[in-house]
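Novice: Here you go, one structure.
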Amino acid sequence: MIALDDIRACLEGDVPSQIATCARDGTPNLSYASQVHYVDSAHVALSFQFFNKTRENILAHPHATAMVVNPDTAAAYRLDLEYLRTESQGALFESMKARLAGIASHTGMAGVFVLRGADVYRVSGIALMPGRVLSNPLPRRNLMTALRTAGDCLAACTDLDTLLDAALENLELRFGIRHAMVLMLDCAGQNLYTVASRGYGESGIGSETPIGAGVIGVAALHRTSIRISHMSSEYAYHRAIQASARSAGLQHGLGEVIPFPGLNLPHSQLAVPIVAAGRLQGVLYVESPDDRAFGYETEDALGVLASQVGYAMHLLQQVQEERVESDPHPVAPVPAGNAIRVRHYAENNSVFIDDDYLIKGVAGAILWKLLQDYQRLGRTDFSNRELRLDTTLRLPDFSDNLEARLVLLTRRLTERCNALALEKTGRGRFRLKVMRPLQLEGTTA
Amino acid sequence: MVLTDVQAAFVESGVSISASSRDRNHRSSLARGLGCRVSDDRGQLRLLLSAARSAELLSDVRTQRVLATVYSLPSTHETLQIKSSETWIEAAQPGDAAHVAQHVAAFSAQIMPLGFSRDFVSALLDYEPGDLVVVRFVVAAVYTQTPGPRAGERLAAA
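If you're matching them up, the sequences are chains Y and L in order.
The first sequence maps to residues 489 to 933 in the working numbering.
The second sequence maps to residues 305 to 462 in the working numbering.
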């Protein structure tokens, strides 16, 4: 028998599939399915959008036959299906809903195609239907080789900073994916924050995406890959995030919103959850201005890559931080020049340099602590360990990934402030570099 | 019942055509149509098929006589389903091959702008000239199947 795994190209929704069913009295019925979605090697799910004869028939007699076509070779396959159940929420539903939005928008049916449920069928047989078949185009690249080479690079990384850059660099060099980012989960805020990006004019480091919004937020919420092969305004990022930001009333009058770096109107989007040791760490997101840029195979490969990134993040967190042998806290010399004004709002730990927003949340609290220690004690050398133990910071639990917060903070300072910098001095140790005098202004809520 | 003028013109245009029947165990068969010709009184249709590519469907039609056919225009998604329980399998007649050629050209014009190549269309609707076969059937019921809230609605006779 032909394996379902081998004909996934037919399940992208490029060529409409037909579903044949039979009424109790034997009257045949034929309808189009916008989506025959690959669930696993033995199951597909059909998009249930309207109450119709197909639905009535399968509820009475759970056997259906589908005809699916490969969009490159024109090979048609007959699938024998047995209806099992309908899912109207959860990972499968959300994944199909996002795909359907892309298909609907591509075919001018946005607003008409609305997913009511994912009808799950067992595939009991697959047959190639007679007919002329074109030769398969050669794959653009060998994804296994790409994955192996990228994996070797990731395995060589010794800290989170280089791991993130290596992951994005390898996506471009080995997979030809030029627009990508990594977002980390903020356990406290129900948000994801961008910690690394590649292929954008503005890096967008520090920008936030609410859990549940757009393909990234949905991938995080349901811990499932979300892939869209055509432009969908419903899932276009800027719109999703703006709407969500508005409804959440995020502004607080501080205007501390870092713009999301993504493409304005991506035609292909793929968000893969980064999970390690049973915990969601973040999301790997890639996009393209082209239609159909990412297929099932790329989704698989990036799933493996995201897993590897997740485990590497997890392990790098566990690495024993160097003990600070002697910690005399030498007093730093006071730099010359005009003072920079640093304001801190305790309400959300947002930090402004002169009048420009820099960062908020955990990273903002860390920076404020460092600057206060510098101002009061002249300290410049710090360790991750002391930050973890500092009760005034009230860091979320260990899994929140302090390392990622420091990467975020370091990168924001590099991009936005030439008077302050964080510099790694050893495993789990870093130095605050202050190039101009400081004027600190704390504001309590 | 008979088709309206508009329905008759629609099923003869560059629509995507597919057909389904079933065996005595209610197992469905499917095939892709190469064209459809409406009788002068618009009460019967002649569905043109490749015999080699539709063997299962033809066998079911021969023994069970029931048929469901669907016509869908890719550019608008306008879709009709026409059902019948009075069907006959016949040899192709002069003019049928020309109609198929015309239909393939009209269908290509519909789907090539969607990014499909001429090669793809010709493989999808490929047939050998001697292989053309006809299922003639009486129109028993017509349904609209255009996606939307009215999908599945049975249409009144002309």
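The beta carbon of each residue, even a glycine, is placed where N, CA and C say it ideally should be.
Would DSSP call R919 of chain Y helix, strand or coil?
Specialist: Of the three classes helix, strand and coil, the one that applies to R919 of chain Y here is strand, per DSSP.
Novice: Suppose you measure from the CA of R767 of chain Y to the CA of V807 of chain Y; what does that come to, to the nearest Å?
Specialist: Roughly 18 Å separates the two Cα atoms.
Novice: Quick one: what's Y375 of chain L bridged to in DSSP?
Specialist: L:I321, L:L384.
Novice: According to the Cβ coordinates, are A497 of chain Y and V683 of chain Y closer than 7 Å?
Specialist: Their beta carbons are not under 7 Å apart, which means A497 of chain Y does not touch V683 of chain Y by this criterion.
Novice: What in chain L is Cβ-close to N540 of chain Y, meaning under 7 Å?
Specialist: Here the neighbours are A455, G456.
Novice: Interface residues of chain Y around L334 of chain L at Cβ under 7 Å?
Specialist: Under the 7 Å cutoff, chain Y gives Q506, A508, T553, M555, R566.
Novice: Residues in its own chain within less than 6 Å of L429 of chain L by CB, not counting five upstream and five downstream?
Specialist: Excluding residues within five positions, the ones whose Cβ falls inside 6 Å are L338, V408.
Novice: Mind pulling the alpha helix (DSSP H) runs of 4 or more residues that sit fully within the region 762 to 791 of chain Y?
Specialist: The region 762 to 791 of chain Y contains no whole alpha helix (DSSP H) run of 4 or more residues.
Novice: So which residues on chain Y does F441 of chain L lean against when the C-beta distance must stay under 7 Å?
Specialist: Near F441 of chain L there are no residues of chain Y at all, since even the closest Cβ is about 12 Å away, more than 7 Å.
Novice: List the residues of chain Y whose Cβ lies closer than 7 Å to the Cβ of T391 of chain L, in chain order.
Specialist: What T391 of chain L touches in chain Y: nothing, since even the nearest Cβ is about 11 Å away.
Novice: Could you pull the start and end residues of the alpha helix (DSSP H) that I310 of chain L belongs to?
Specialist: The amino acid at residue 310 of chain L is misidentified as Ile; the sequence shows Val. That run of the alpha helix (DSSP H) goes 309 to 315.
Novice: Suppose the cutoff is 7 Å on Cβ atoms and the five residues either side in sequence are ignored; what does the same chain contact list for R876 of chain Y look like?
Specialist: Within the same chain, R876 of chain Y has close Cβ partners L883, L890.
Novice: As a quick exercise: from L:V425, L:S388, L:L459, pick the residue whose alpha carbon is nearest that of T373 of chain L.
Specialist: That would be L:S388, whose Cα lies nearest to the Cα of T373 of chain L.
Novice: Answer yes or no: does any C-beta atom of chain Y fall closer than 7 Å to that of S363 of chain L?
Specialist: Closer than 7 Å: no.
Novice: The alpha helix (DSSP H) spanning R604 of chain Y covers which residue range?
Specialist: From DSSP, R604 of chain Y is part of no alpha helix (DSSP H); its letter is neither H nor E.
Novice: CA-CA distance, L742 of chain Y and Q927 of chain Y?
Specialist: Reliability fails at L742 of chain Y, whose pLDDT of 43 lies under 50, so the model's placement of it is uncertain and the value that follows must be treated cautiously. Going from the Cα of L742 of chain Y to the Cα of Q927 of chain Y covers about 20 Å.
Novice: Measure from the C-beta of S324 of chain L to each C-beta in chain Y and report whether the shortest distance is under 7 Å.
Specialist: S324 of chain L counts as touching chain Y.
Novice: Compare the C-alpha of G916 of chain Y against each of Y:L901, Y:D869, Y:N906 and name the closest.
Specialist: Looking at the Cα atoms, Y:D869 is the closest of the given residues.
Novice: Select from Y:V524, Y:E657, Y:S576 the residue whose C-alpha is nearest the C-alpha of L569 of chain Y.
Specialist: If we check each option's Cα against that of L569 of chain Y, Y:V524 comes out closest.
Novice: So which residues of chain L does S535 of chain Y contact, with C-beta pairs closer than 7 Å?
Specialist: What S535 of chain Y touches in chain L: nothing, since even the nearest Cβ is about 11 Å away.
Novice: Output yes or no for whether 7 Å exceeds the beta carbon distance between V608 of chain Y and H718 of chain Y.
Specialist: Their beta carbons are not under 7 Å apart, which means V608 of chain Y does not touch H718 of chain Y by this criterion.
Novice: For chain Y, is any of its Cβ atoms less than 7 Å away from the one on D345 of chain L?
Specialist: No, D345 of chain L lies away from the interface with chain Y (no Cβ there is under 7 Å from its Cβ).
Novice: Is the CB of D430 of chain L under 7 Å away from at least one CB in chain Y?
Specialist: D430 of chain L counts as touching chain Y.
Novice: What is the DSSP secondary structure of Y862 of chain Y, counted as helix, strand or coil?
Specialist: Three-state DSSP puts Y862 of chain Y in a helix.
Novice: Using 7 Å as the limit for Cβ to Cβ distance, is T759 of chain Y near chain L?
Specialist: Here residue 759 of chain Y turns out to be Ala, not Thr, going by the sequence shown. False, the Cβ-Cβ gap to chain L never drops below 7 Å.
Novice: So is V600 of chain Y in contact with chain L if we call contact Cβ pairs under 7 Å?
Specialist: Interface residue, yes.
Novice: Below 7 Å CB to CB, which residues in the same chain sit around L546 of chain Y once its five sequence neighbours on both sides are set aside?
Specialist: Residue 546 of chain Y is actually Ile in this sequence, not Leu. Correct list, in chain order: T509, A552, Y571.
Novice: Go ahead and label M669 of chain Y buried or exposed: buried means 16 or more other beta carbons lie within 10 angstroms of its beta carbon, across all protein chains shown.
Specialist: Buried, since its Cβ has 16 or more Cβ neighbours within 10 Å.
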